[in-house]
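Participant: Counting from 70, one number per residue, gives the positions in the sequence shown under the numbering used here. We put the beta carbon where it would ideally sit given N, CA and C, even for glycine. Submitted below is the structure of interest, expressed as structure tokens.
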Amino acid sequence: MSQPSNHNILLLGETGSGKSTLINYLANYFLDGSPDDLKIAIPTKYHSQNLQGSPKHSEQDINDQTKSKTEKCTLYCFEKNGKQYGFIDTPGLSDTSGVLKDNEHIANIITTAENIGSIAAIALVINGTVARVTVSLKNAIEQMRSAVPDVLLTNLVVVFTNCSADTVNFELSVLKPWTILERNIFYMNNNALRVAQKDWNNNQTKKEKLISQWKTSMEEIELMMEQIDQFGSMASNAFGEMYKLGNALTVQLNECQALIKQLHDKEKQYQDSLKALDQATIGIKTNSDYSKKVTKEEIVLIDTPYWNIVCRNCNRGSECCHDCWAVAVKFCGKFHNYVCTKCSCSLNFHYFERFKPKKEYKVVVEIDANKKQQYDKHTQTKARIEGELPKLSTNIESLKQSFDTQVQKIQNCCRSLKKIRSLGKFTVEQADVFMNILQDMHNLASIVGTADAKARLNYVDSLTEFI
Ligand SMILES: Nc1nc2c(ncn2[C@@H]2O[C@H](COP(=O)(O)OP(=O)(O)OP(=O)(O)O)[C@@H](O)[C@H]2O)c(=O)[nH]1
Ligand SMILES: [Mg+2]
Ligand SMILES: [Zn+2]
Ligand SMILES: [Zn+2]
Ligand SMILES: [Zn+2]
């Protein structure tokens, strides 16, 4: 880049709006060029560069109308009446190469503006035939709006290309809330470089028209230069400051989004743990009766000092003949036809014993293995969750704090940005990230449902003023 001049004018505009062409026209204005003696600072499809010392460069894709031809910012310096003027050609915005490319261009433009040190004016170059504002022009204007610091708002000129004052189709209200004074609006049809000289030189009508338009352009440039002279130049470190703040804001928003995601996960985990804890408690309660006391019947043999007749077959709880004095079992009166009248078993099963059977009742503890397993499982789960909850809680609190600090930073950053650029808003991507954060916070507030979460949501919601 050459030595910065006294008055530097930054050209901003959509791809193909005619910035580079305007610089070529300016070259002719400053160097007394004419359609027959064209001064070319920036090569075009039909004209090669012919200025001494002009920055050596080539325009990209000279045949592709949709791509920004100008790839990087270039300063072109001219002199008139002892005054120096520097025009900064910039890559066109709303490039079909995408938003990222645009951001790259904007970053590039702002760094250039910052390096140049002082910017006297910004010229918005707009194709004046565009009646209905296309999405891409809208984007371009949006991008320009976010790029221009307040201090330069009074030094805006608009150059409508491809038109004249009476054919311009553009609705100036599109630029709102910027209002551009009538005297700072210029109209020109810079079409002499669009075709080869031989295409119009031999056609008198074409030639006359072209020369008349050329004259108009030169007159408009003359008026524009008078206006720019009035502006005076001012330090443009606002550009650099703005750029830094904008980048910081992006980083902060992204960090904020990561934090809210983590917070969301942890809160979800906490809520799930609470639910699991409830379930475990219920599980413990419903299975706590896994052990049962049951009364069981048992036959015990009690020694006796006398002989009893006892049946070995049916295991009744009592003897068939108590203290029997019969000489043999078959003579015992308790038998009838070889069958015991007490237990109905055959005589053969009966013997003399020095004991008697007795029924006893015993209380035993019975364990339901299935229930016990459930009970133990739920008890373990409960203990585990009770151990985890305090840790989760601390984790959530510290995440909340980091989040709040981050939001505070964002707010401060937005305020500082607003001071430099009151029309400034989040960029499209920043707004996207911000909306995601808000959405996550909504989800979070409905998960936890606490007043604290709602307050936090409302606080962040109040930052929407910056969108
Ligand atoms: N008819 C007519 N054509 C123009 C005018 N201004 C520029 N053009 C043509 O429009 C095309 C794009 O012009 P450029 O000057 O390269 O546009 P630019 O703004 O520098 O584009 P980028 O470098 O992509 O940002 C070229 O073919 C120009 O000759 C104009 O006022 N009238
Ligand atoms: Mg260009
Ligand atoms: Zn007997
Ligand atoms: Zn018997
Ligand atoms: Zn018996």
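To the nearest angstrom, how far is the alpha carbon of Gly315 from that of Lys488?
Facilitator: Taking the sequence shown and counting its residues from 1, the one referred to as residue 315 is at position 246. Taking the sequence shown and counting its residues from 1, the one referred to as residue 488 is at position 419. Between Gly315 and Lys488, the C-alpha separation is close to 13 angstroms.
Participant: Quick one: what's got a C-beta closer than 7 angstroms to Gly352's C-beta in the same chain, skipping five residues either side?
Facilitator: Position 283 of the sequence shown holds residue 352. Taken in chain order, the residues that qualify are Gln443 and His447.
Participant: Which residue wins for smallest C-alpha separation from Glu277, given the options Pro104, Ile178 and Thr355?
Facilitator: Reading the sequence shown from its first residue, position 208 is the one you call residue 277. Answer by Cα proximity: Pro104.
Participant: Got a sec, what are the start and stop residues for the alpha helix (DSSP H) Arg525 sits in?
Facilitator: Counting from 1 along the sequence shown, the entry for residue 525 is found at position 456. Ala520 to Asp530 is the extent of the alpha helix (DSSP H) around Arg525.
Participant: Have a look at the DSSP bridge pairing and note the partners of Thr463.
Facilitator: Within the sequence shown, numbered from 1, the residue matching residue 463 stands at position 394. Beta-bridge pairing links Thr463 to no other residue.
Participant: Please tell me whether, using a cut-off of 8 angstroms, the distance from the CB of Asn382 to the nearest non-hydrogen atom of ligand 5 is below it.
Facilitator: The residue labelled residue 382 in the question sits at position 313 within the sequence shown. At least one heavy atom of ligand 5 is nearer than 8 angstroms to the Cβ of Asn382, so yes.
Participant: Could you name the residues that DSSP lists as bridge partners for Ser360?
Facilitator: What you label residue 360 is simply residue 291 of the sequence shown in a count that begins at 1. For Ser360, which the question treats as bridged, DSSP gives the partners Ile436.
Participant: So the beta strand (DSSP E) Asp158 belongs to, where does it begin and stop?
Facilitator: To locate residue 158, count along the sequence shown from 1; it is residue 89. Where Asp158 is concerned, the enclosing beta strand (DSSP E) stretches over Lys152 to Asp158.
Participant: Give me the DSSP bridge partner(s) of Val227.
Facilitator: Along the sequence shown, one-based indexing puts residue 227 at 158. DSSP lists Leu193 and Ile254 as partners of Val227.
Participant: What did DSSP end up calling Thr350 once you bin it into helix, strand or coil?
Facilitator: The residue labelled residue 350 in the question sits at position 281 within the sequence shown. Helix.
Participant: Hey, how far is the Cα of Cys412 from the Cα of Cys389?
Facilitator: Residue numbering aside, residue 412 sits at position 343 when the sequence shown is read from its first letter. Residue numbering aside, residue 389 sits at position 320 when the sequence shown is read from its first letter. Spanning the two alpha carbons is a distance of roughly 7 angstroms.
Participant: Determine which residues share a DSSP beta bridge with Ile479 and list them.
Facilitator: To locate residue 479, count along the sequence shown from 1; it is residue 410. Per DSSP, none; premise fails for Ile479.
Participant: Would you mind reading off the limits of the beta strand (DSSP E) that contains Ile78?
Facilitator: Mapped onto the sequence shown, residue 78 falls at position 9. His76 to Gly82 is the extent of the beta strand (DSSP E) around Ile78.
Participant: Are Lys361 and Asp437 close, meaning C-beta to C-beta below 9 angstroms?
Facilitator: In the sequence shown, counting from the first residue as 1, residue 361 sits at position 292. In the sequence shown, counting from the first residue as 1, residue 437 sits at position 368. A contact, by the Cβ cut-off of 9 angstroms.
Participant: Going by beta-carbon coordinates alone, are Cys409 and Phe418 separated by less than 9 angstroms?
Facilitator: Locating residue 409 in the sequence shown gives position 340, where the first residue counts as 1. Locating residue 418 in the sequence shown gives position 349, where the first residue counts as 1. Their beta carbons are under 9 angstroms apart, which means Cys409 touches Phe418 by this criterion.
Participant: Quick one: measure Cβ to Cβ for Asn323 and Val199, integer angstroms, because I've assumed they're closer than 8 angstroms.
Facilitator: Here residue 323 refers to the residue found at position 254 of the sequence shown. Here residue 199 refers to the residue found at position 130 of the sequence shown. Not really, about 35 angstroms apart at Cβ, beyond 8 angstroms.
Participant: Can you find the residues in the same chain that come closer than 7 angstroms, C-beta to C-beta, to Ile210, ignoring five residues on each side of it along the sequence?
Facilitator: Position 141 of the sequence shown holds residue 210. Contacts found: Val243 and Leu244.
Participant: Note down the Cα distance separating Lys141 from Thr159, rounded to an integer number of angstroms.
Facilitator: Here residue 141 corresponds to residue number 72 of the sequence shown, with the count starting at 1. Here residue 159 corresponds to residue number 90 of the sequence shown, with the count starting at 1. Roughly 6 angstroms between the two C-alpha positions.
Participant: Can you tell me whether Ser531 is buried or exposed? The criterion is at least 16 other CB atoms within 10 Å of its CB, across all chains shown.
Facilitator: Residue 531 sits at position 462 when you count from the first residue of the sequence shown. Its Cβ having fewer than 16 others within 10 Å, Ser531 is exposed.
Participant: What residue from Pro112, Lys149 and Gln326 has the CA that sits closest to Lys138's CA?
Facilitator: The residue labelled residue 138 in the question sits at position 69 within the sequence shown. For the residues Pro112, Lys149 and Gln326, the minimum Cα distance to Lys138 belongs to Pro112.
Participant: On a Cα-Cα basis, can you pick out the residue from Arg214, Asp101, Thr236 and Asn384 that is closest to Lys427?
Facilitator: As a first step, residue 427 is located in the sequence shown; it is residue number 358 there, counting from the start. Considering only alpha carbons, the answer is Asn384.
Participant: Looking at Ala216 and Met311, is the spacing between their C-beta atoms short of 9 angstroms?
Facilitator: The residue labelled residue 311 in the question sits at position 242 within the sequence shown. The residue labelled residue 216 in the question sits at position 147 within the sequence shown. The answer is yes: Cβ separation under 9 angstroms.
Participant: Quick check on the burial criterion: 16 or more other C-beta atoms within 10 angstroms. Buried or exposed for Ser515?
Facilitator: Numbered from its first residue, the sequence shown carries residue 515 at position 446. Label assigned to Ser515: exposed.
Participant: Compare the beta carbon distance of Ile378 and Lys403 with 9 angstroms and say whether it is the shorter of the two.
Facilitator: To locate residue 378, count along the sequence shown from 1; it is residue 309. To locate residue 403, count along the sequence shown from 1; it is residue 334. Yes, Cβ-Cβ distance for Ile378 and Lys403 is below 9 angstroms.
Participant: Taking 8 angstroms as the cut-off, is the CB of Met287 close to at least one heavy atom of ligand 1?
Facilitator: Here residue 287 refers to the residue found at position 218 when the sequence shown is read from its first residue. No.
Participant: Answer with buried or exposed for Val476, where buried requires no fewer than 16 other C-beta atoms within 10 angstroms of its C-beta.
Facilitator: Counting from one through the sequence shown, the residue named residue 476 turns up at place 407. Classification of Val476: buried, given that the 10 Å Cβ count is 16 or more.
Participant: Give me whichever residues DSSP pairs with Asp372 in a beta bridge.
Facilitator: Walking along the sequence shown from the start, residue 372 turns up at place 303. Asp372 is bridged to Phe424.
Participant: Less than 6 angstroms between C-beta atoms, sequence neighbours within five positions excluded: which residues of the same chain meet that for Ile131?
Facilitator: As a first step, residue 131 must be located in the sequence shown, where it is residue number 62. At Ile131, the pLDDT of 48 sits below 50, so the modelled position is not reliable and the matter cannot be decided from this model.
Participant: Could you give the first and the last residue of the continuous alpha helix (DSSP H) run that contains Leu91?
Facilitator: Numbered from 1 along the sequence shown, position 22 holds the residue referred to as residue 91. Run containing Leu91: Lys88 to Phe99, per the alpha helix (DSSP H) assignment.
Participant: At a cut-off of 8 angstroms, is Thr496 close to ligand 2 when judged by its beta-carbon and the heavy atoms of the ligand?
Facilitator: As a working note, residue 496 is residue 427 in the sequence shown. Flag unset: Cβ of Thr496 not near ligand 2.
Participant: Check whether the Cβ of His419 lies closer than 8 angstroms to any heavy atom of ligand 4, and answer yes or no.
Facilitator: For the purposes of this step, residue 419 is taken as residue 350 along the sequence shown, with counting starting at 1. Checking the Cβ of His419 against ligand 4 gives yes.
Participant: Mapping DSSP to helix, strand and coil, what is Asp106?
Facilitator: Position 37 of the sequence shown, counted from the first residue, corresponds to residue 106. In this structure, Asp106 counts as strand in the three-state DSSP scheme.
Participant: Going along the chain, which unbroken runs of the beta strand (DSSP E) with 3 or more residues stay wholly within the segment 254-314?
Facilitator: Correct list: 254-256.
Participant: Quick check on the DSSP output: the beta strand (DSSP E) that includes Glu148 runs from which residue to which?
Facilitator: By one-based count along the sequence shown, residue 148 stands at place 79. Residues Thr143 to Lys149.
Participant: So, is the C-beta of Ser117 closer than 9 angstroms to a C-beta in chain D?
Facilitator: Absent from the structure is chain D; it holds one protein chain and no more.
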